[in-house]
Every structure is written in structure tokens, then in C-alpha cells.
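Residue numbers (full-length UniProt numbering), protein chains in the order written: chain F, 1 to 362; chain L, 1 to 493.
For every residue, glycine included, the Cβ atom is placed at its ideal position computed from N, Cα and C.
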């Protein structure tokens, strides 16, 4: 942690803090090219992203030596851009990961890095900016800084509006974030409009009954729920449950078949599809929320409760959380006695058996 | 956050809006519900976000978003899937297919509007549990697309109606019956007779004990009977075509039952007639006669001359195959009478030929000639050359047969009078042998044979060139005679 005095900087050189752009007092000892106004900011940056990119920043920030031939010059420029792109990839991925982990405050330095690099490489009006804006906005919503989030989202929205070649999945994501923002601000109509757009765009990419579309449905359902339009909310929650139920059922069936084929226990067939991190987190959030709602509903609907509990159990099973799977399966068994006839009973008991066996194997 | 670019100013936003605000089509301009009037008074800066989105986005998106926003997610997914399926069909068809020429669904604004309207209403009703209303809305959509001639869509909604109708239990399953009838109709249009029969049978069973009537006041039951009759008849026709007589007859029996159940005499007659024909072709004339009798009586009661004619003809055929020629002739003569009185030229010609043929084989050449000439006269106005030619040949054969007897008698007699007579006939070539008084004269056989031989050659050439109509007309008379000659030459050998 080398001290820097702004007054002793060479003439014309202004060293500014990496995070807040104020005059810098501290220099990073790793790269010797990154400056901070105080220890707070250095720690924040280190925890978020600087640890991973410290050495990568060196070639970017050292002044380019003068090359005599044009070929060399163009080569060095191309190399620089290549490096920046690589860095963008790393920072964005890191920010995304931090976001899944719920460390909203740590997301911001990483995402800011990514943003400045993207602007550097692609320019101000490119679509590549949108995912980064969305990251920043999401983090800010998580931190409760709605005004800032709105600013980022407006930027993203504006970029999407201007560009003609924006993919529908990005549009869908943007509208979902806008919807969530307005929902947080309590502007339900506006929020519904954006979420509807989200569902529409997601459907054009994945189809109406895909898990990627279900998120939009779920947030819409929440808003209808808060608006006390219970019938609409109920129908939407059922839709979401159905979508996840079908999807997870397919995965579970695949896994069951795989485990039947191969020797159980040590040899896991990795060829079948599974949920990725993002989907897992989303599924857990959505399904447990619906489960709570079903259980706390004043008028219980046993068939629907059973379905959502079954889905939850499958989810825990797939995420290898067998303890929780056992808990929810107990609830499921209780609930299933309230409905007269269920043809899924066989599947459920098969699932429970394999949960027990996995627990025993541990 | 100074690295962020400055927020775009309002002016920029609106200049971009002005460029995009021009509605792309007149239809779209029309369907700005109520917004339009307000819009004219507003300056562009007062447009709300919804309005700008409406101008900016394609109509499909606007409609989808509108439905979702109001919570009708099922309608949304239905509409969306429909459009996707349609596009998939179009892709599968490829350029050049019929569906490729059609306008995509998402560009047909009128249809999208209708879909939105009825689908959302149906969903609202479904949420509230009013399945009758769901049915009504889906049915309205099906009707709408049927009127527009969009069969793919109307079929889809008829299917939906059928699904919905199975949930309605209150009205003695009337809606289910109607949905079955509609689906039957759809299947029939697609030529899926089995499926159509299944749906119509369901329709029939559901309506059997009810007194429901449709808009025109007909009972559903009679409609069901008529439909089933039609399907069974079509099925049996197909089976007859594939030479499965027994199955066809079974189906026709069912058709007859249906026609009886429906209480429509005309259909019953028709069914009986077809059954009779099927029996004839399966070689069972006795059974055929009884069903043909039924048809005859019904036709008499209804005063249906055409039907009566058909009945006589079929009856004659049945009797003929049983060997009862006399009765058969009687029926045919009856038919000729009927046909004359009701101007059935085509079948009259055929019957006359048939009668002539019978008389010809039975040796009654005079009558055979009479019927053949009648056939010829009725055939001329029909203007079918092949038919006319056929009749000509028949007529010639019969004429020759009738002349054979006197000519051979004259030759056998071989006296001077006979020779004279043959000679005279050869010169004039008119039919003088039918006149019994002149039969005393005799001519030389050798002369006759040379004459007939030349006539035979002449006939050959005339037949070869007969394709030209005028030529055929011009040679009409000559040909008849040459044919006579030819026949008289050929027959004795």
C-alpha cells in the first residue's frame, strides 16, 4: 500500500480513484498502476474484482512503446483490443457470479470495470452495454438504490431502442428488470406492462411454456397477488408450477433412468441435462415462494398444493439437497392424503425411495 | 458515475418517435381504439408510454402484451402457439405451396383482434367456471374463421369447443352433441370418414332422446340421421369401389335405418335404392327386388319421376339377372313411359338401347328396330358422338337381322320374281322387305353379295372417318343402309 501525494504528481498527470474518480492517495502494490482515494475503496475493489485482474491490468495500463513499422503498430492495437475483450469476459462473469451469491455490494466494482471496458471497446451505443447495465441495475435494486437502478435501466432501455439488432433474450431480460424495478417502486401498471413484454420476448425465443418464460409469469402473478386479484394470480401460479413441474419431471425421469442403467452410487452419468446455477437459484426462489403461498392460502386447494410440493421435492432432489428433499416429501405425503385419487402416486413413491436411498448412502 | 454517458435528452427521444409514429398500414390506423381521436388533439409530447409502444411495436406484440397485462396468460399462449404452428406449417409447405401464398396470421389485424376479443372472454369465463360461456366464445371464433374460409383455424376451435363441451354437464350434454356434429363435419370435409362416422354416431346417441331444435327449427335428431345416412352412404360407396360388397351392404343397411329414424322419405328411398344396387352387384337380385320395391313406392308417393325411372331401370336389371325377361321388359317399358313424360333423355336413350337389345336377342327384330330408332332420335339432341355412333351400329344390326329372314327366303326361292325383287332393293336400297306383300319378287344372290360387300367397305371407311361430326351427320342415312348391308353379309356366316 504505497502512499501517493496528489501534490507530487508529475505535471499534467491526475491520478484518480478507481471507484469514485476522486484524487488518489493510495497505489496498489500489485500492479502499481491502480490508485484509490482511501483504504475502504481499495478493499472493496480487491474483494470484488481486483484480486483476479490485478496482473491483467498491467499490459493495458502501461503506455504503449513506439513501434517503427505500421505492421507492428496495428498488431499491438489488435492485441490490446483482444486483451480488453478477455478482461470484459472475466469481469462480467465475476459480476454475474457475485450477483447469484447475493453479494450485491461486491458486484458494483466488477460491473463498473466491465462497463468502462465495454464502452472503450464497443462504443457508447452498442448492445453489448445492455447486459452490464442490467447487472448494475440488479445489484442496485438489491442494495435498495432504486434511483440509481432506474438510471441504469433507462440507459439500457435507450440503447435497446436505438439498436435494431438486439436479441429478444436481452430484451426479455431488460423488461423483466424494468418490471421488477417498477414493482419495487409500487407502480404496478407500469411493472405489468414491462413484465408482459418480458413474457412476450421470452416466448419468441424459448416458447410459451419454457422455464425461461416462467419467471415473467411468476413476477406478474406476484403483482396480481399484491393487487388482490386472486383468481388471476392463482391461475398464473398454477401455470408457473406446471411449467416447472414438467421440466423437473423430465430431468428427474432422465436421472432415474440413468441411475437404473449404470451402477448406482459412484458412477454418475453426466451426459443428461441438468439445471445450471442461474436456473437453480431462480427455481428455488419461485417454487418455494409459490409453496408458501399455497400453504398459507385461506382456502386450501389440495391438488395444487400437492403439485407444488412434488415440484419442490424434485428440485431438492436434483440439487442434491436430500435433507430438505426428505422434509418436503413428508409434507407432500401429508398433503396427498387429502386428495382422493392421484395417478402420479407411483412416480412420487419412486422418487421418495430414491431420496431415502441417497440419504442412506451418505 | 461520470463514466456513464449523459442521459439522452427528451428532444432526442421524441424526434425518434416522430419518425416511427407513422402507422404502417391503414388497418392499424383504424384500429387505434379511441386513442386516435384523443391523439389528434394531443401534441406528440403528451403521448403516454402505452401509446408510443403501440405505434412502435408490431400489432402482434401489442395484442400479446395487452392480453398479458390484463392477466389473460392462457389466451396469450394460445394465440402465440397458433401463430407459431401456422408459421411452422408454412415453412413445412415451402415456397409454392398453397399456404405459402397466404398472408401470415400476424399481419391479419382483423383476425388478431377477433382472437383477442373472444379468447380473453373465454378465459375469463373459464376462470369463473362458466363453461357454457367458454363454449360460446370458442364457437363464435370457429364460426368466424369458417366464414372467412380459414379452415385450419376453424378446425382448431371446433376441437377446442369439443374439449370444453365435455366439461359442461348441466344441459344434458347438448353442447357436447353439437360439438360432435361440428367435428364430424370437419372430418368429413377432410375425407376422414371413419372419424366423421364416430363423431356423428356420438351426436346421434346424444340427441336420440331429446327434442332439441337448431336455428331453422329442425330437430337435432333428424340432422343427426341425415348426416349419418350421408356418411354411411359415402363409406359404402368407397367399399363398393374396393369390391367389398358385404361390408358395403352392412353400411347401407345402417344408412337405411338412419334414414327411417330421421323420418325423411326421400332419404329412405335413396338408401333403399343404393341398397338394391349393392345387392344386385353382389349377385343377390331377390333381396334387391324387395328394397327396390320400397324405393318405387316411396318415389310414387313423392311423385318423383326421376326416382321412379331409376327404380324401374334397376328393377329390370335385377329381374334380367334372375332370368325373368318378360317382367323385366315390362318394367323397362314402364320406365320409357316415365322417362318420356319427364324428359330424361339420357336415361331414355340407354333404356331404349337396353330394350332393343333384349328384343334383338329374343328375335323380335321389328320391336328392336323401333326401340333403337327411338334411342337414335333421343341421342341426337344429347350431342354425344360416341353414343350416337353406338346407337347407329345397334340400329344397323337390328335392321339387318330383320331383313335377313326375307332376303334369305328370296334367295332360297331363286325364281324370277324373287330376283327382280332383290334387284329392285339393290337399286333403291330402301327397306322393302318389311312389306310382306312385295316379298314375291326374287333377285340373284351373287348380285346381293357384291352390293353388300361394297356397302361393308363403305361402312368401314365411314366409321373410320366418323370422328368428324358434320361428315357423320351428312352420311347418317347412307350409313344406316350400309350397316344393314354389312350385317346381312356378316350374319349368315
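Identify the contact partners of residue i in chain F, using a Cβ-Cβ distance below 8 Å as the criterion.
{"i": "residue 50 (chain L)", "result": "193"}
{"i": "residue 89 (chain L)", "result": "Within chain F, no residue comes near residue 89 (chain L); the closest Cβ sits about 16 Å away, beyond 8 Å."}
{"i": "residue 73 (chain L)", "result": "199, 217, 220, 235, 236 and 239"}
{"i": "residue 299 (chain L)", "result": "Correct list: empty, because the minimum Cβ distance to chain F is about 58 Å."}
Between residue i and chain L, is any beta-carbon pair separated by less than 9 Å?
{"i": "residue 147 (chain F)", "result": "no"}
{"i": "residue 322 (chain F)", "result": "no"}
{"i": "residue 236 (chain F)", "result": "yes"}
{"i": "residue 197 (chain F)", "result": "yes"}
{"i": "residue 35 (chain F)", "result": "no"}
{"i": "residue 6 (chain F)", "result": "no"}
{"i": "residue 308 (chain F)", "result": "no"}
{"i": "residue 365 (chain F)", "result": "Since the displayed chain F opens at 1 and closes at 362, residue 365 (chain F) lies outside it and no answer follows."}
{"i": "residue 190 (chain F)", "result": "yes"}
{"i": "residue 3 (chain F)", "result": "no"}
Name the chain F residues that come within less than 9 Å of residue i, Cβ to Cβ?
{"i": "residue 80 (chain L)", "result": "200, 203, 204, 207 and 208"}
Which chain F residues sit within Cβ distance under 7 Å of residue i?
{"i": "residue 134 (chain L)", "result": "In chain order: nothing, as chain F lies at least about 14 Å away."}
{"i": "residue 121 (chain L)", "result": "Chain F residues near residue 121 (chain L): none, gap ~15 Å exceeds 7 Å."}
Short of 8 Å in beta carbon distance, which residues of its chain neighbour residue i, apart from the five on each side in sequence? Order them along the chain.
{"i": "residue 352 (chain L)", "result": "336, 371, 372, 374, 375 and 378"}
{"i": "residue 444 (chain L)", "result": "Because residue 444 (chain L) carries a pLDDT of 35, less than 50, the predicted location of this residue cannot be relied on, and no value is offered for it."}
{"i": "residue 246 (chain F)", "result": "209"}
{"i": "residue 100 (chain L)", "result": "90, 93 and 94"}
{"i": "residue 334 (chain L)", "result": "312"}
{"i": "residue 52 (chain F)", "result": "90 and 94"}
{"i": "residue 153 (chain F)", "result": "133, 134, 137, 174, 177, 178 and 181"}
{"i": "residue 69 (chain L)", "result": "none"}
Give the interface partners of residue i over in chain L, defined as CB-CB distance under 9 Å, in chain order.
{"i": "residue 404 (chain F)", "result": "Chain F is shown from 1 up to 362; residue 404 (chain F) falls before or after that span and cannot be answered."}
{"i": "residue 232 (chain F)", "result": "70, 71, 72, 73 and 127"}
Check whether the Cβ of residue i lies closer than 9 Å to any Cβ atom in chain F.
{"i": "residue 195 (chain L)", "result": "no"}
{"i": "residue 53 (chain L)", "result": "yes"}
{"i": "residue 65 (chain L)", "result": "yes"}
{"i": "residue 61 (chain L)", "result": "yes"}
{"i": "residue 97 (chain L)", "result": "no"}
{"i": "residue 114 (chain L)", "result": "no"}
{"i": "residue 101 (chain L)", "result": "no"}
{"i": "residue 118 (chain L)", "result": "no"}
{"i": "residue 84 (chain L)", "result": "yes"}
{"i": "residue 77 (chain L)", "result": "yes"}
Leaving out the 5 sequence neighbours to the left and right, which residues in its chain are closer than 6 Å to residue i when beta-carbon positions are compared?
{"i": "residue 127 (chain F)", "result": "163 and 166"}
{"i": "residue 204 (chain F)", "result": "168"}
{"i": "residue 175 (chain F)", "result": "194, 197 and 198"}
{"i": "residue 276 (chain L)", "result": "288, 291, 292 and 314"}
{"i": "residue 71 (chain L)", "result": "none"}
So, at 7 Å on beta carbons, what are the nonlocal neighbours of residue i in its own chain, with the 5 sequence-adjacent residues on each side left out?
{"i": "residue 142 (chain F)", "result": "104"}
{"i": "residue 35 (chain F)", "result": "4, 15, 16, 17, 18, 24, 26 and 27"}
{"i": "residue 184 (chain F)", "result": "141 and 146"}
{"i": "residue 238 (chain F)", "result": "304"}
{"i": "residue 352 (chain F)", "result": "329"}
{"i": "residue 138 (chain F)", "result": "99 and 177"}
{"i": "residue 56 (chain F)", "result": "87"}
What I want to know is whether the C-beta of residue i ends up closer than 8 Å to one or more non-hydrogen atoms of the ligand MG.
{"i": "residue 318 (chain F)", "result": "No copy of the ligand MG occurs in the structure displayed, which carries no ligand at all."}
TODO: Check each residue of the stretch 134 to 164 of chain L: if its Cβ is closer than 9 Å to any Cβ of chain F, include it; give the result in chain order.
DONE: Here the close residues number zero.
Any residues in the stretch 156 to 184 of chain F with a beta carbon nearer than 7 Å to a beta carbon of chain L? Which ones, in chain order?
-> Across the stretch 156 to 184 of chain F, CB contacts with chain L closer than 7 Å involve 158, in sequence order along the chain.
Return the chain-ordered ranges of every beta strand (DSSP E) run that is complete within the stretch 32 to 57 of chain F and spans a minimum of 3 residues. Listed in chain order, nothing qualifies, since the stretch 32 to 57 of chain F has no complete beta strand (DSSP E) run of 3 or more residues.
The stretch 211 to 230 of chain F: positions lying closer than 8 Å to chain L by Cβ: Listed by position, the residues of the stretch 211 to 230 of chain F near chain L (Cβ gap below 8 Å) are 217, 220, 224 and 229.
What ranges does the alpha helix (DSSP H) occupy inside the stretch 312 to 362 of chain F, keeping only unbroken runs of at least 4 residues that lie completely in it? With a minimum length of 4 residues, the continuous alpha helix (DSSP H) runs that stay inside the stretch 312 to 362 of chain F are 322 to 336 and 345 to 361.
Could you pull out every unbroken alpha helix (DSSP H) segment of at least 4 residues lying fully inside the stretch 198 to 255 of chain F, listed in chain order? Complete alpha helix (DSSP H) runs here, min 4: 211 to 226.
What runs of the beta strand (DSSP E), each 3 residues or longer, lie entirely inside the stretch 56 to 83 of chain F?
Assignment of beta strand (DSSP E) within the stretch 56 to 83 of chain F, counting only whole runs of 3 or more residues, yields no such run.
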